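Residues in the sequence shown are numbered consecutively from 180, following this note's numbering.
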Amino acid sequence: MDKLIKSKRIEGEKSSHFVKLLRYSSGELYVQLEQTIFGQPDKHTVKINPAQLIDISETLSIYAEELSFLMDNFNRDIIKKEEQQKIISTFLKGISIKDLSLQFRYKEDAIRDLLIKNNVEIIEGINMSAPKWKFRKKR
């Protein structure tokens, strides 16, 4: 049986990844990368030999530099955990999705998806302002 030493979860928009450092029963270490795509029951797993880990990480960093122009636009749609909590708490205080998109600079669809993902009920079209008093002039 393999023993888990460390693990890190990386969550994306449509999938999550677990990067695990494991020890074989023989004592050797290896890295396991596990991908779970939301909406699909099966997981994809890759085991990486530690001797090849440096070469793989260098190759990935080179690819990241080449794709940096795409990453700037892509990372804007991924909301960090701290901001997710702020957006949810602000929405629950009564701020509309449109105002949240202006405040946090995310698309309305991304905020709506975040709220749905966190099981927050979305009710729109309700006027939250206080009723206006109508005064009548006495004659």
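Even glycine gets a Cβ: it sits at the ideal position worked out from N, Cα and C.
Small disclaimer: the values here were computed from a predicted structure and weren't measured.
Express the C-alpha separation of K259 and F270 in angstroms, rounding to a whole number.
Working through the sequence shown from its first residue, we reach residue 270 at position 91. Working through the sequence shown from its first residue, we reach residue 259 at position 80. Roughly 16 Å separates the two Cα atoms.
Measure the alpha-carbon distance for N297 versus F197 and round it to whole angstroms.
The sequence position of residue 297 within the sequence shown is 118, counting from 1. The sequence position of residue 197 within the sequence shown is 18, counting from 1. Each residue's alpha carbon lies about 20 Å from the other.
Is the segment 267-284 touching the segment 231-243, taking contact as three or more C-beta pairs under 8 Å?
Short answer: they don't touch.
Report the three-state DSSP secondary structure of K316 (helix, strand or coil).
Taking the sequence shown and counting its residues from 1, one reaches residue 316 at position 137. DSSP places K316 in the coil class of the three-state scheme, outside both helix and strand.
If you drop the 5 nearest sequence neighbours on each side, which residues of the same chain put their C-beta closer than 6 Å to that of H223?
The residue given as residue 223 occupies position 44 in the sequence shown. Correct list, in chain order: Q214.
State the start and end residues of the unbroken alpha helix (DSSP H) segment that holds I276.
In the sequence shown, counting from the first residue as 1, residue 276 sits at position 97. Element bounds for I276: 276-283.
Can you tell me which of D221, V210, D181 puts its alpha carbon nearest to the alpha carbon of A230?
The residue given as residue 230 occupies position 51 in the sequence shown. Ranking the options by Cα distance to A230, first place goes to V210.
Output the boundary residues of the beta strand (DSSP E) element that contains K187.
What you label residue 187 is simply residue 8 of the sequence shown in a count that begins at 1. Start and end: 182-190.
Given a cut-off of 9 Å on the beta-carbon distance, is the pair L294 and Y285 in contact?
Within the sequence shown, numbered from 1, the residue matching residue 294 stands at position 115. Within the sequence shown, numbered from 1, the residue matching residue 285 stands at position 106. The criterion of a C-beta distance shorter than 9 Å is not satisfied by L294 and Y285.
Expressed to the nearest angstrom, what Euclidean distance is found between the alpha-carbon atoms of R188 and K272?
The count along the sequence shown starts at 1 and reaches residue 188 at position 9. The count along the sequence shown starts at 1 and reaches residue 272 at position 93. So the two alpha carbons sit approximately 30 Å from each other.
Confirm, please, whether the CB-CB distance from L208 to L183 is below 9 Å.
Within the sequence shown, residue 183 is the residue found at index 4, counting from 1. Within the sequence shown, residue 208 is the residue found at index 29, counting from 1. No, the pair does not count as a contact, with Cβ atoms beyond the cut-off.
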